[in-house]
Amino acid sequence: MFRPLDDMISNAIAEGKAESIVDLLEEYGTVQDKLKEEIFKQKDLQILKEWLKLAVKVESVEEFARQINFSAGG
37 MFRPLDDMIS NAIAEGKAES IVDLLEEYGT VQDKLKEEIF KQKDLQILKE
87 WLKLAVKVES VEEFARQINF SAGG
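Here you go:
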């Protein structure tokens, strides 16, 4: 019955988590547009939660990208 509202709320939460991840990573340097796209297209809140924890622990953007198995080449 309230599914569209639930989806809107979930998407807003996902967007906020993605933004927080990118903000944290930018403390280490430039975050490539392709990596930003990968982060923002992720809508699974559990994965985003894991990525947020990871973004706090890594020492570089490159380390984060490796840990999530992101390849800038595609």
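Under the working numbering, the letters of the sequence shown match residues 37 to 110, in that order. By construction, the Cβ of each residue, glycine as well, lies at the ideal position given by its N, Cα and C atoms.
For VAL67, which residues from the same chain have a beta carbon less than 7 Å from its beta carbon, with the 5 sequence-adjacent residues on both sides left out?
-> VAL58, LEU61, VAL97
ILE104 in three-state terms, based on DSSP = coil
Sequence-distant residues of the same chain with beta carbon closer than 8 Å to GLY110, five excluded per side = Because the pLDDT at GLY110 is just 48, under 50, the model does not fix this residue reliably, and the point stays unresolved.
Residues near TRP87 in its chain [Cβ-Cβ closer than 6 Å; skip 5 each side] | ILE57
Nearest to ILE75 by CA position, among PRO40, ASP43, VAL94, PHE106, is which residue?
-> PHE106
Pull up the distance between the alpha-carbon of LEU90 and that of PRO40, whole angstroms please.
-> 30 Å
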